[in-house]
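**Student:** Note that the protein sequences, when read in sequence, are chains A and B. Start counting the first sequence at 5; every next residue gets the next number (the working numbering). Start counting the second sequence at 6; every next residue gets the next number (the working numbering). By construction, the Cβ of each residue, glycine as well, lies at the ideal position given by its N, Cα and C atoms. Below is a structure I'd like to ask you about.
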Amino acid sequence: MNWFTKLLSSTLGRKVLMALTGLFLILFLVVHLIGNLQLLHSDQGQAFNIYARFMTTNPLIKTVSYVNYAIILVHIVWALLLTIHNRKSRGPEGYAVTNGSSAWTSRNMGILGTLILIFLVIHLKGFWAEMHWGGISTVTYDNEVYKDLYTVVDKAYTMEWYVAIYVVSMIALAFHLWHGFISAFQTLGLNHSKYNGLIRFVGRAFAIIVPALFALIPIWMYLDK
Amino acid sequence: MNLLNGLKEATNNMKITLKVWRQKNNATKGGFKVYPIEHVSTDMSFLEMLDVLNNDLVRKGEDAVAFDHDCREGICGMCSLYINGKPHGPQQTTTCQLHMRSFKDGDTITVEPWRAKAFPVIRDLVVDRTAFDRIQQAGGYVSINTGGVPDANEIPIPKKIADEAFDAAVCIGCGACVAACKNASAMLFVSAKVSQLALLPQGKPERKERAEKMVAQMDAEGFGACTNTGACEAECPKGISLTNIARLNREYLSASLTSYEVEVKGGD
Ligand code: HEM
Ligand code: SF4
Ligand code: FES
Numbered sequence: 005m006n007w008f009t010k011l012l013s014s015t016l017g018r019k020v021l022m023a024l025t026g027l028f029l030i031l032f033l034v035v036h037l038i039g040n041l042q043l044l045h046s047d048q049g050q051a052f053n054i055y056a057r058f059m060t061t062n063p064l065i066k067t068v069s070y071v072n073y074a075i076i077l078v079h080i081v082w083a084l085l086l087t088i089h090n091r092k093s094r095g096p097e098g099y100a101v102t103n104g105s106s107a108w109t110s111r112n113m114g115i116l117g118t119l120i121l122i123f124l125v126i127h128l129k130g131f132w133a134e135m136h137w138g139g140i141s142t143v144t145y146d147n148e149v150y151k152d153l154y155t156v157v158d159k160a161y162t163m164e165w166y167v168a169i170y171v172v173s174m175i176a177l178a179f180h181l182w183h184g185f186i187s188a189f190q191t192l193g194l195n196h197s198k199y200n201g202l203i204r205f206v207g208r209a210f211a212i213i214v215p216a217l218f219a220l221i222p223i224w225m226y227l228d229k
Numbered sequence: 006m007n008l009l010n011g012l013k014e015a016t017n018n019m020k021i022t023l024k025v026w027r028q029k030n031n032a033t034k035g036g037f038k039v040y041p042i043e044h045v046s047t048d049m050s051f052l053e054m055l056d057v058l059n060n061d062l063v064r065k066g067e068d069a070v071a072f073d074h075d076c077r078e079g080i081c082g083m084c085s086l087y088i089n090g091k092p093h094g095p096q097q098t099t100t101c102q103l104h105m106r107s108f109k110d111g112d113t114i115t116v117e118p119w120r121a122k123a124f125p126v127i128r129d130l131v132v133d134r135t136a137f138d139r140i141q142q143a144g145g146y147v148s149i150n151t152g153g154v155p156d157a158n159e160i161p162i163p164k165k166i167a168d169e170a171f172d173a174a175v176c177i178g179c180g181a182c183v184a185a186c187k188n189a190s191a192m193l194f195v196s197a198k199v200s201q202l203a204l205l206p207q208g209k210p211e212r213k214e215r216a217e218k219m220v221a222q223m224d225a226e227g228f229g230a231c232t233n234t235g236a237c238e239a240e241c242p243k244g245i246s247l248t249n250i251a252r253l254n255r256e257y258l259s260a261s262l263t264s265y266e267v268e269v270k271g272g273d
C-alpha cells in the first residue's frame, strides 16, 4: 500500500476525513443560512429569488456546490464504514449492563446523522430538484425572468408537517454539532489549553445558534400567514 | 471486647447477590450465574470478596470463578472486570483497589468480562489482552543502548514536558479504556504509550516510525476508531487524559505525511 491509501484506510485517517468533511459542511451551513435569511425580507421573495438564481447559475458557485455534494457523500459513506467497523469491534458478545460515562450525543452520531440524511433527501426533493428540473413558475423583476422558488418554499411552509420535520431535523443537527464541532478539532489533533476554551465556546454557540436560525425561518413564515 | 464484637458485626454484615459471567472457554457459549454471598465485610476489596466466593465454590466441589489479578495494589494492570456497567466498578480505580463499602447491603452486582473483539474471553472473567503486548512490540520502545549513566542535566527537559511524559507513562495497560468505549477503541492506551516516548529526547529518533507502526498494529488487532466520547478518560484508573489522543492524532498524521518508507531488511 502506498502511504496515502495506508493513511486513509487507517482508523485515524478515516476519522481525519470525517473531521475535514464535517468542518467543510459547517462552513457550508453558514453560507446556506445567509441565503435562507433572504426569505425573511418583506419583498414577496425578490431578494431570495435573485439569490437562488445566482447560486444555481454562477460558475464558481456551481463548482463549489459539486465539491459540496462530493463532500457530503464522503462524510456519509465514511460515517457508515466507521460505524460498522466500530460496532464489530465490540466482538461477539455485548454487555448486559452498561452505565456509560459519556455524553448521549457523542454515542449517537450515527442516529443523528441518519436523521439529517432523511431530512436532506426530503429537502433536496422539495426545493433543489424543483429549482433544477421542476415545472416551477416564473416572476419578472426589472424585465428579467426568474424562477419563483420563493413561492415553492412559501407554500411548503404552510404545511404543519413540513415545518415540524424541518424543526425536528434542526434539533438533530444541533445535537450532531454539539458533539461534532469540538470533536473535529480533537480528531485533527488540535487540543491545547491555549485555545480549548475558545473551540468549546464557539462550538457550543454554533450548535445552538445556527440550527435555531434555520428552524426559525419556516416557523416565522408559517406564523406570518 | 464488646466494642470489638460490635465493630466486627457492623462490617461483616453485608449480603450481596453476584451475577457473574461464566464461560468454560472461548469455544463454548457463556452465560450468567447467580451467587448469593453472605457476611461480606465492607473492608474487603472486590477481589477478596471473589476469593470468598471461590472458597465456597471449591468447598462445594464447583469450579472457581476465573478472574485476573496480580499485584492487588493498583499498579500492575492485571485485574479487570466490568462491574455494574463500568470497568473496575463504580470508583475510578482498579478492581483490586475497589472496596465493598462502595456497595450497599442487599445489592445485586453484575460482573462481566471486558468485551472487545481484540480481547477474546479465555475463561469466565479472564480475557486475552496480548493484543496490547503486540501493539507495544510494534513500536512502544526505544532501540538504543543506554550505555553508562549520563551526567545529570546533560539533556535538559523542561519540567512541564517531563510531567506530561510522566502522566502518560503511568498507564498500566489494564484495558479499561477499551472496555468502556462504545467502539472498543484502544486509542487512550496507544496514545499514552506513544506520548510518553514522543515527549522525551530518547524517544524522538523513532517517533514517526513508532506512531505509524503502533497504529497499524492497533488497527490489525481489530480495535475500533475513536469517536471522542471521552468514556475512556472517565474510566481510566490512572487518569490518562484525552490530550494524549489529540497528540497521537498529530503524531500519526504528521508521520504519515513526512516519514520515509522504512525498508525492512532480512536479519544478519
Ligand atoms: C450538514 C450536515 C453535517 C455536518 C455539518 C456534520 C458535521 C460533522 C462533524 C463536524 C463531525 C465530527 C467529526 C469528528 O469527530 O472528527 C461529524 C461526525 C459524524 N457525522 Fe456528521 N455532519 C453532517 C451530516 C451527517 C450525515 C448526513 C451523516 C450520516 C448519515 C453523518 C454522520 C456522522 C457520524 C456517524 C459521525 C461520527 C463519526 C465517528 O466519530 O465515529 N453526518 N459530523
Ligand atoms: S489508558 Fe488508562 S484505562 Fe487504558 S490501559 Fe492505560 S491505564 Fe488502563
Ligand atoms: S491486581 Fe494489579 S492493578 Fe489490580
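State yes or no: is the C-beta of A:G117 within less than 8 Å of the C-beta of A:A83?
**Tutor:** On the first sequence, position 113 is the one that residue 117 of chain A refers to. On the first sequence, position 79 is the one that residue 83 of chain A refers to. A contact, by the Cβ cut-off of 8 Å.
**Student:** Keeping to the same chain, check which residues put their C-beta closer than 7 Å to that of B:I160; ignore five residues upstream and five downstream.
**Tutor:** Start at 1 with the first residue of the second sequence, and residue 160 of chain B comes out as number 155. Taken in chain order, the residues that qualify are P206.
**Student:** Quick one: which chain A residues come within Cβ less than 7 Å of B:N30?
**Tutor:** Position 25 of the second sequence, counting from 1, holds the residue named residue 30 of chain B. By Cβ distance, chain A contributes nothing, its closest Cβ being about 14 Å from B:N30, past 7 Å.
**Student:** Mapping the DSSP letters down to three states, classify B:F37 as helix, strand or coil.
**Tutor:** Along the second sequence, one-based indexing puts residue 37 of chain B at 32. Strand, per DSSP.
**Student:** With a CB to CB cut of under 8 Å and the five nearest residues on each side skipped, what residues in its chain are close to B:M83?
**Tutor:** In the second sequence, counting from the first residue as 1, residue 83 of chain B sits at position 78. Excluding positions up to five away in sequence, the list reads D73, H74, D75, C76 and C179.
**Student:** In or out: A:V71 buried (at least 16 other Cβ within 10 Å) or exposed?
**Tutor:** Here residue 71 of chain A refers to the residue found at position 67 when the first sequence is read from its first residue. Exposed.
**Student:** Evaluate the contact criterion for the region 120-136 of chain B versus the region 23-38 of chain B: three or more CB pairs, one atom per stretch, below 8 Å.
**Tutor:** Touching, yes, given that three or more Cβ pairs across the two stretches are closer than 8 Å.
**Student:** Between the Cα of A:Q50 and those of A:L124, A:M163, A:L21 and A:D158, spot the shortest distance and give me the residue it belongs to.
**Tutor:** Position 46 of the first sequence, counted from the start, is the residue given in the question as residue 50 of chain A. Out of A:L124, A:M163, A:L21 and A:D158, A:D158 has the C-alpha closest to the C-alpha of A:Q50.
**Student:** Of all Cβ atoms in chain A, is any one closer than 8 Å to the Cβ of B:N17?
**Tutor:** Stepping through the second sequence from its first residue, residue 17 of chain B is reached at position 12. Chain A, which has no Cβ nearer than 8 Å to the Cβ of B:N17, makes this no.
**Student:** Mapping the DSSP letters down to three states, classify A:H36 as helix, strand or coil.
**Tutor:** As a first step, residue 36 of chain A must be located in the first sequence, where it is residue number 32. Looking at A:H36 - three-state DSSP - the assignment turns out to be helix.
**Student:** Apart from the five residues on each side of it in sequence, which residues of its chain come closer than 8 Å, Cβ to Cβ, to B:L253?
**Tutor:** Translated into the one-based positions of the second sequence, residue 253 of chain B becomes position 248. Around B:L253: M192, V195, S196, V199, S200, A216 and V220.
**Student:** Helix or strand or just coil, what does DSSP make of B:I162?
**Tutor:** Against the second sequence, residue 162 of chain B aligns to sequence position 157. The answer is coil: DSSP assigns B:I162 none of H, G, I, E or B.
**Student:** With a floor of 4 residues, list each alpha helix (DSSP H) that falls wholly inside the region 45-81 of chain B, ordered by position along the chain.
**Tutor:** Whole alpha helix (DSSP H) segments, 4+ residues: 51-64.
**Student:** CB B:F124 to CB B:V70, shorter than 8 Å?
**Tutor:** On the second sequence, residue 124 of chain B is found 119 positions in, with the first residue counted as 1. On the second sequence, residue 70 of chain B is found 65 positions in, with the first residue counted as 1. Cβ atoms of B:F124 and B:V70: not closer than 8 Å.
**Student:** B:V39 touches chain A at which residues, Cβ-Cβ below 8 Å?
**Tutor:** For the purposes of this step, residue 39 of chain B is identified with residue 34 of the second sequence, where counting begins at 1. Neighbours of B:V39 on chain A: none; closest Cβ ~12 Å, over 8 Å.
**Student:** Consider the Cβ of A:E164: report whether some Cβ of chain B lies at a distance smaller than 8 Å.
**Tutor:** Locating residue 164 of chain A in the first sequence gives position 160, where the first residue counts as 1. Taking Cβ atoms only, chain B never reaches closer than 8 Å to A:E164, which makes this a no.
**Student:** Is any beta-carbon of chain B found at less than 8 Å from that of A:L7?
**Tutor:** Taking the first residue of the first sequence as 1, we reach residue 7 of chain A at position 3. The question names Leu, but residue 7 of chain A in the sequence shown is Trp. Interface residue, yes.
**Student:** Give the DSSP-derived three-state secondary structure of B:M19 in the structure shown.
**Tutor:** By one-based count along the second sequence, residue 19 of chain B stands at place 14. B:M19: strand per DSSP, three-state reduction.
**Student:** Would A:S46 count as contacting chain B if we go by Cβ distances under 8 Å?
**Tutor:** Here residue 46 of chain A is taken as the residue at index 42 of the first sequence, counted from 1. Chain B contact via Cβ: absent.
**Student:** With three or more beta-carbon pairs closer than 8 Å as the criterion, would you say the region 15-32 of chain A touches the region 185-192 of chain A?
**Tutor:** These segments touch.
**Student:** Nearest-angstrom Cα distance between B:A236 and B:S190?
**Tutor:** Counting from one through the second sequence, the residue named residue 236 of chain B turns up at place 231. Counting from one through the second sequence, the residue named residue 190 of chain B turns up at place 185. Spanning the two alpha carbons is a distance of roughly 10 Å.
**Student:** Between B:T234 and chain A, is there a C-beta pair that is closer than 8 Å?
**Tutor:** Along the second sequence, read from residue 1 onward, the residue named residue 234 of chain B stands at position 229. Closer than 8 Å to some Cβ of chain A, the Cβ of B:T234 qualifies, so yes.
**Student:** Cβ-heavy atom distance between B:L253 and the ligand HEM below 7 Å?
**Tutor:** Here the question's residue 253 of chain B lines up with position 248 in the second sequence. Checking every heavy atom of the ligand HEM against the Cβ of B:L253, none is found closer than 7 Å.
**Student:** According to DSSP, is B:E117 helix, strand or coil?
**Tutor:** Within the second sequence, numbered from 1, the residue matching residue 117 of chain B stands at position 112. It is a strand residue.
**Student:** Output the distance between the C-alpha atoms of B:M6 and B:V45, rounded to the nearest integer angstrom.
**Tutor:** As a first step, residue 6 of chain B is located in the second sequence; it is residue number 1 there, counting from the start. As a first step, residue 45 of chain B is located in the second sequence; it is residue number 40 there, counting from the start. With a pLDDT of 48 at B:M6, under the threshold of 50, the predicted position of this residue should be treated as unreliable, though the coordinate-derived value follows. About 21 Å.
**Student:** Just to confirm before moving on: does the CB-CB distance between B:S261 and B:E214 stay below 8 Å?
**Tutor:** Here the question's residue 261 of chain B lines up with position 256 in the second sequence. Here the question's residue 214 of chain B lines up with position 209 in the second sequence. For B:S261 and B:E214, no; Cβs fall outside 8 Å.
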